[in-house]
Structures are given as C-alpha cells and as structure tokens.
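Q: Here's a structure for you.
There are 2 protein chains.
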Amino acid sequence: MDQVAEAAGVSRATVSRVINGATSVDAKIREVVQRAIAETGYVPNVAARSLVTRRSNSVALVISEPDRPDNHSFLNRIFTDPYFGRVTAGATGALRPHDIHLVVIPTDSTDHHQVMRYLRQGHVDGVLLISSHEQDTLPRQVHELGIPAVVSARPTSPIAVSYVDVDQRLGARLAADRLLSLGRTRLATISGPLDIPSGLDRLEGFRAHLRGHDVPSIEGDFTRAGGEAAARRLLSQHPDIDGLFVASDLMAEGALRAVQDLGRRVPEDVAVVGFDDSSAALDCRPLLTTVRQPVEEMAAEMAEVLLAHIASPGRLPRSVTFHPTLVVRDSG
Amino acid sequence: MDQVAEAAGVSRATVSRVINGATSVDAKIREVVQRAIAETGYVPNVAARSLVTRRSNSVALVISEPDRPDNHSFLNRIFTDPYFGRVTAGATGALRPHDIHLVVIPTDSTDHHQVMRYLRQGHVDGVLLISSHEQDTLPRQVHELGIPAVVSARPTSPIAVSYVDVDQRLGARLAADRLLSLGRTRLATISGPLDIPSGLDRLEGFRAHLRGHDVPSIEGDFTRAGGEAAARRLLSQHPDIDGLFVASDLMAEGALRAVQDLGRRVPEDVAVVGFDDSSAALDCRPLLTTVRQPVEEMAAEMAEVLLAHIASPGRLPRSVTFHPTLVVRDSG
DNA sequence: CTGAAAGCGCTTACAG
DNA sequence: CTGAAAGCGCTTACAG
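Quick mapping for you: the protein sequence lines, in order, are chains X and C. Residue 334, in the numbering used here, is where the first sequence stops; the numbers in between run on with no holes. Residue 334, in the numbering used here, is where the second sequence stops; the numbers in between run on with no holes.
Set out below in structure tokens:
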C-alpha cells in the first residue's frame, strides 16, 4: 500500500479511499491511484481490513443435516440432493453484486461444535442456516450467539429469528387438487421425515384438503432409494391406489420406478405428483408433474434479509413466505 | 484479551502463549489463564491474529466443473454427484486435527475471476483444487498465483504442481479382467467425457487391455441420465453386447436401468462393471460390481500434502498415485 | 518462564 | 478534497 501511495504521490489514506470507492476523491487523483494499483499489482490485505472494519465480507451457508443411522454420511446426502445446489446458486447470485463471499459449511450434529467455533471467531458476518429437522439445536445456538442469521424454514421452537419458507400446506393442497381434478379417488402419499416440519406440513396439508377420504401414507426420507422402498410398501398394502403425492422429487424418482416395476402405468394407472421442481423432476420417466418451490429465489431472499440484518443490527426479525405453484408435466 | 490478562494477573503476551499452546508457560499460570478465558468467554479475533501470523488457518476446496451447455448448472452437477461429498469428507477429516477450516468453493469458468480474487486476497493459506477437464485454466492460474496448491488429478499440461490421482488405466484393466474372467467376449464401454483425462484414460486403458477385441464405446458425461442414454444407443447399435464397462457408478446406475428396460437381464445377459464405488453403486439394482477409487483417502492425502507445502513453501511438488481395487457385487 | 514494546496493514475520525 | 496520526487486536523477537 505504501508502494502504491508513493507511486501515485498521495497518502495511504487516499489510496484506501480510492480502493473503497469513496466519492470524495478528486477524479484525476483517483485515476492516478488506480493506475498505480494496476502497475504494482497491489492487493489489499483482508486481515488488516477486517481488523479495523470488523467485517469479513463473507457469510456462511451452513447446511445442517440430521444424523441418520445409515451408511451414507450427511455429506453424501448433501452432495446427492439437487436442493442444496439450488440454494447455493440462489445465495451466491444474490451476494455477488455486494461482493460478499459465501462459505459453504456442510454439517451434522457431530460437528456443531466446530461450526459454532468458526462462527464465534468472526470468520463471517452472518449465517444462512439451512436446517429443517426438528431436533436441530443449531438454530437456537446460532441465535444465542447473536450473529446475524436467517433460517431456511420456520423454526420448530419459537425463536426470534428471520426465516424464509414456502407455504408447505398450500403446496400439498395444489397436489391434492391436481389429483382430484384428474378424477383420482384412491389417493395416497409418501411423506418426508415427520420430524422435519416440511415433511409433516406437506402430509397434513394433503390430508386436511382431502378430509373425508382415507389417505394412506408412508414416511420416506427424502432420498431416491427411500422413495422407491416406500412406494413398494405402499402399493403392496394398497394395490388399488390411483393417485400418489410424493413429498419430494427425489423420492418421486424412486417411487416412479417402483410403481412401474410393479406393472402400473404412469399416469394411466397411477398419477404421480412430486414436490420441489428440482432437476430430479426432469430425470423422471415420465417427466414429473410437481409442485414448484422457488428455491433459488428463496435463497436469494434469505441472502437479502441477512444483508439487511448485517447492515442494521437492531433490525427486527421477519419472515418471508413464498407461494408454490403447480408444474404440470406427464406423470399426473 | 486485556480482560483475560487482568483477570489472570498476567500480561497479554502470556495469555497469547497459553492460547497458542506454547510449552514455555508455567503449568499453574497456564491453568489460571485458562480459567480466566473460560470465565470471560474470550474468543480471539481471527483477523488480528491473521494479520500478524500471515496465516488464515483455512484452506479452500475449489471444485471446478466444466461449462456445459445444458440446463443443469455446474452447481446442480456438483450437488448431485456423490463424488464431491466423498472429497469433502476426506479433506475435512484430514484437516480437522490440524484445526484448519475448509472453505468449499464450487465454480465453473464463469467465475474463475471471482475465485482467483478470493485466493489472491489471502483468505486461505492454500487450495485443494478439484479439476478434471482438459481446458480448465484454473490449475495454471492457481499455480501462477504462487499459493500452495494440490490438484486432484494429473494436470493435462505439465505444470509443476503436486497432485494426487488414482491409476486410471489400472482401474480400467481390472474391469476388463473381470468381464473376461466371466467369459464375456462381446465387450463395450460407456466412457466419461473424453476431454477429461480420467475419461480418456479409462477408455484407453480398457481398450489397451483388450487389444484384438473390437470394443465399441460411447462417450457419456458422468451423469445418471447420460449413462442411461448412452446405454440405449450402445445396445441399439450393438444388440449382442454381453459385457459392459461403465466409467462411473452414476452413469452405471442409468445404464443398468436402460439395459433392463431393453429386456436384458443383468448379469446373465449383460454383465456390468462400474467405476468409483460411490454410494451410487449401492443404489443400483442389481448391486453394482465396480472398480473402487479410494476418494476419501485421496482427498485426505491431498490435504496432507497441502499442509506440507504450507509449512515449507520451498518444497518440491510431488504426486501420489493410489491403486484401485475391484469390488465384486451382483451386476458383473 | 514472563513482560514491555514494536509491528502486522489497513481505515477513519479529525484537522486543515 | 487530502494527510498525519491513532488504533483495530493480536504475536513475537528481545531483554531480563
């Protein structure tokens, strides 16, 4: 920085102002300084800057997955589910114009400690927390830490934190309406894990809208293999099902395979509606009719809200709810 | 820190020594200081520390994917392929004992610039670069930046950088041997993208070992859907194939579906061998026989080598090659 | 083994 | 609009 200042014939203060885009710098001087920066190849030291500004200009995207007793680690689940790619894309896109870096931190409860330490040390200015399972203690821990944060879904216990969510029950209702409008009368559903609010909400929303019908359901786990197994069981217990709502596209992909393996045509014998509208919907055969959750937009909104909290620490928490829409394709 | 020093009745220098585990501190004093730290809830400021140590105690895991002209973004590919979860798990595991954080940075060429800026600013002490495609300019850019780095595969152009790889050709040979030992004579292969060295190596290795046989092949793209489409084409062009080597488990999963859709039994009519031994191998029906690539161990080794480079900047680059093994299951 | 002091590389009131 | 100077919170020779 001294070199730049000398080369440009100004003080370090002025160099600093140019770098940080202060408007109060004379246009000619600004130019001279910028040339000097280019010539010297000067790059500001982020540690020094952070030390005085108390800003790191990066935020964490903490992806918190439940502990599951299977072989597949949480990392396998994360790097296998298109949902997280969409979240990352949405958050990155919203943050980039502000020149804020996104630090992706996958975790399950085995290293909550590690994650909290990272946050406490001030590596990031705030956290986008993707957490869905009921027992997850991370939202509360993060909240108690006092660092600006936005959560990806309504917290299960009431904590005063901002969150962004989709209207889960409305989504389930759209699925039910679609199946009914197709004339289906023997409906069933493969739900998400019931310890995840979105899992429970979609199930309840579906049932609530179908009051009067008997709606068999099986709990899935939001994985492809889980959806396949669930569909197999469901169909063996209720062979006459003609309409199926599967609470995630990934599970629907597996379910579709099972349904067809068991000799049913889709949608002729069984109409299937998924949830998410992720890339998995397009991997399905037939292409999946599904309830679209605007995940990228939701993640971008999370980022915007977080930025607002970082800018004005006193800000009250707020929640934003997005509306799902039905995307009709071939499966139902 | 001043608070802690005061509470413990020592200087800040001593507090610093205790925190950094200097051995030269009196045991009693160390205890007093630690208690004071606990009581005050003191957390060191990482920016201040980095400013003087010139270390961030974190390294980047840059996942560089090729630009592809399809709908699915690189983020979708990354968060859909179990390979990256394995890499992350391996690297995290190796870094944790050293108290080094891993910053995951997914990228394609559209934001190389952004990534390079991040690295240049000194946010991390080194970079683990997952890059496989031939045209990727990132390995060279990173190398020219001069930051300690380890690449996940032999670079296509010769740059003096450390890398960790698996013996691709040997892996392909194991697959060929397995199919031959099963008495299969009409072999074919679905390769990875041929602009990716591992894709080309596996194809060439397979062919080289089968010199004399005519070995039809189709280029895939390391995705499930791509494997399915490739298998369909392959079988329509060569209906008598009885042994198939698919260059990744994810593609094999799709290929298996296609093969069976077309009325062939696996392994009776067509024996199938994959490559990776990722979780996708266990999602296959029948369970996939495959060539195991010890990805977690390889990523851990990358981390160890990187740490060595960070510790001694003058260190010469070195490459480590792992041996693949055949994992026999049901498909071939 | 411990402390006083310098210094890491920035930003930002403050004065002009 | 610009510069001199203080200060952000640590670590680490150096001296004792």
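For each residue, glycine too, the CB sits at the ideal point set by N, CA and C.
Starting from Thr191 of chain X and walking both ways along the beta strand (DSSP E), at which residues does that stretch end?
A: 189-193 is the span of the beta strand (DSSP E), which, as asked, contains Thr191 of chain X.
Q: Please name the residue or residues paired with Glu221 of chain X in a DSSP beta bridge.
A: Paired residue(s): X:Ser193.
Q: So if I threshold CB-CB distances at 8 Å, which residues from the stretch 290-321 of chain X count as touching chain C?
A: Those would be none; no residue qualifies.
Q: What residues from chain X crowd round Asp83 of chain C, counting only those whose CB sits closer than 7 Å?
A: Per Cβ cutoff of 7 Å: Phe81.
Q: Going along chain C in order, which residues have a C-beta closer than 8 Å to the C-beta of Leu53 of chain X?
A: The contacting residues are Asn47, Ala49, Ala50, Leu53.
Q: Within 8 Å of any Cβ in chain X, is that where the Cβ of Phe86 of chain C sits?
A: Yes, its Cβ sits closer than 8 Å to a Cβ of chain X.
Q: If you draw a straight line from the alpha carbon of Met118 of chain C to that of Val117 of chain X, how long is it in whole angstroms?
A: Each residue's Cα considered, the two are about 25 Å apart.
Q: Could you check which residue in X:Val166, X:Asp285, X:Ile21 has the C-alpha nearest to that of His325 of chain X?
A: For the residues X:Val166, X:Asp285, X:Ile21, the minimum Cα distance to His325 of chain X belongs to X:Val166.
Q: Can you name, in chain order, every residue of its own chain whose Cβ lies under 6 Å from the Cβ of Val6 of chain C, other than the five neighbours on each side?
A: Contacts found: Val17, Ala38, Ile39, Thr42, Tyr44.
Q: So with CB distances below 7 Å, who are the chain C contacts of Pro150 of chain X?
A: Here the premise fails: no neighbours, minimum Cβ distance about 17 Å.
Q: To the nearest angstrom, how far is the alpha carbon of Ile132 of chain X from that of Arg51 of chain C?
A: Taking the straight line joining both Cα atoms gives about 30 Å.
Q: Should Gly214 of chain C and Ala249 of chain C be called a contact, given that it needs their Cβ atoms to be closer than 8 Å?
A: No, the pair does not count as a contact, with Cβ atoms beyond the cut-off.
Q: Give the residues of chain X in contact with Asn78 of chain C, contact being defined as C-beta atoms less than 7 Å apart.
A: Chain X residues near Asn78 of chain C: Pro84, Gly87, Ser281.
Q: Rounded to a whole number of angstroms, what is the C-alpha to C-alpha distance between Ala340 of chain C and Gly229 of chain C?
A: Shown here, chain C extends from 3 to 334; a query on residue 340 of chain C therefore has no answer.
Q: Under the DSSP definition of a beta bridge, which residues are partnered with Ser183 of chain C?
A: Looking at the DSSP assignment, Ser183 of chain C forms no beta bridge with any residue, so it has no partner.
Q: Starting from Ser60 of chain X, trace the beta strand (DSSP E) both ways and give me its first and last residue.
A: From DSSP, the beta strand (DSSP E) with Ser60 of chain X extends over 60-66.
Q: Please state whether the Cβ-Cβ distance between Asp110 of chain C and Phe86 of chain C is less than 8 Å.
A: No, the Cβ-Cβ distance between Asp110 of chain C and Phe86 of chain C is not below 8 Å.
Q: Would you tell me roughly how many angstroms separate the C-alpha atoms of Arg66 of chain C and Pro108 of chain C, rounded to the nearest one?
A: What sits at residue 66 of chain C in the sequence shown is Ser, not Arg. Their backbone Cα atoms lie some 6 Å apart in a straight line.
Q: Which full runs of the beta strand (DSSP E) of 3+ residues lie inside the stretch 97-149 of chain X, going along the chain?
A: Listed in chain order, they are 103-109, 128-133.
Q: Thr112 of chain C: which of C:Ala96, C:Asp101, C:Leu205, C:Arg70 sits nearest, CA to CA?
A: Closest option to Thr112 of chain C, Cα to Cα, is C:Arg70.
Q: Have a look at Ser219 of chain X and Ala155 of chain X and give me their C-alpha separation to the nearest angstrom.
A: If you take the alpha carbons of Ser219 of chain X and Ala155 of chain X, they lie about 23 Å apart.
Q: Could you pull the start and end residues of the beta strand (DSSP E) that Thr291 of chain X belongs to?
A: Counting along the chain, the beta strand (DSSP E) containing Thr291 of chain X begins and ends at 291-294.
Q: List, in chain order, every chain X residue whose beta-carbon is nearer than 8 Å to that of Asp285 of chain C.
A: Simply Arg226, Ala227.
Q: Just checking my contact of Asp251 of chain C with Leu290 of chain C at CB under 8 Å: how many whole Å lie between their CB atoms?
A: 6 Å between Cβ atoms; contact.
Q: Please classify Ser238 of chain X as buried or exposed, where buried requires at least 16 neighbouring CB atoms within 10 angstroms.
A: Looking at its Cβ environment, which holds fewer than 16 other Cβ atoms inside 10 Å, Ser238 of chain X is exposed.
Q: Which residues share a DSSP beta bridge with Gly245 of chain X?
A: X:Leu189, X:Ala273, per the DSSP bridge assignment.
Q: Count the other C-beta atoms from every protein chain shown that fall within 10 angstroms of the C-beta of Ser60 of chain C, then say buried if there are 16 or more, exposed otherwise.
A: So Ser60 of chain C counts as buried.
Q: Using a Cβ-Cβ distance cut-off of 8 Å, determine whether Ser75 of chain C contacts chain X.
A: Answer yes: the Cβ-Cβ gap between Ser75 of chain C and chain X drops below 8 Å somewhere.
Q: Among residues of its own chain, excluding the 5 on either side of Ser13 of chain C, which ones have a beta-carbon nearer than 8 Å to its beta-carbon?
A: If we look at Ser13 of chain C and ignore the five residues flanking it on each side, its Cβ neighbours are Ala7.
Q: Alpha carbons only, please: which of X:Ser134, X:Glu306, X:Val272 is nearest the one belonging to Pro99 of chain X?
A: When only C-alpha atoms are compared, the closest one is X:Glu306.
Q: Residues in the same chain with beta-carbon distance under 7 Å from Glu255 of chain X, minus the five sequence neighbours each way, listed in chain order, please.
A: Answer for Glu255 of chain X: Arg226, Gly229, Ala282, Asp285, Cys286, listed in chain order.
Q: What separation, rounded to the nearest whole angstrom, lies between the Cα atoms of Val126 of chain C and Ala93 of chain X?
A: Taking the straight line from one Cα to the other gives about 21 Å.
Q: Among the candidates X:Gln143, X:Arg317, X:Ser314, X:Val105, whose CA atom is the shortest distance from the CA of His2 of chain X?
A: Within the shown structure, residues of chain X are numbered from 3 to 334, placing residue 2 of chain X beyond reach of any answer.
Q: Here's a check: name, in chain order, each residue in its chain whose Cβ is nearer than 6 Å to the Cβ of Ala24 of chain C, leaving out the five neighbours to either side.
A: Closer than 6 Å at the Cβ level, and outside the excluded window around Ala24 of chain C, lies no residue.
Q: Once DSSP output is grouped into helix, strand and coil, what is the label at Thr90 of chain X?
A: Three-state DSSP puts Thr90 of chain X in a helix.
Q: For Gln295 of chain C, which residues in the same chain have their Cβ closer than 6 Å to its Cβ, ignoring the five residues on either side in sequence?
A: The residues are Val168, Asp278, Pro326.
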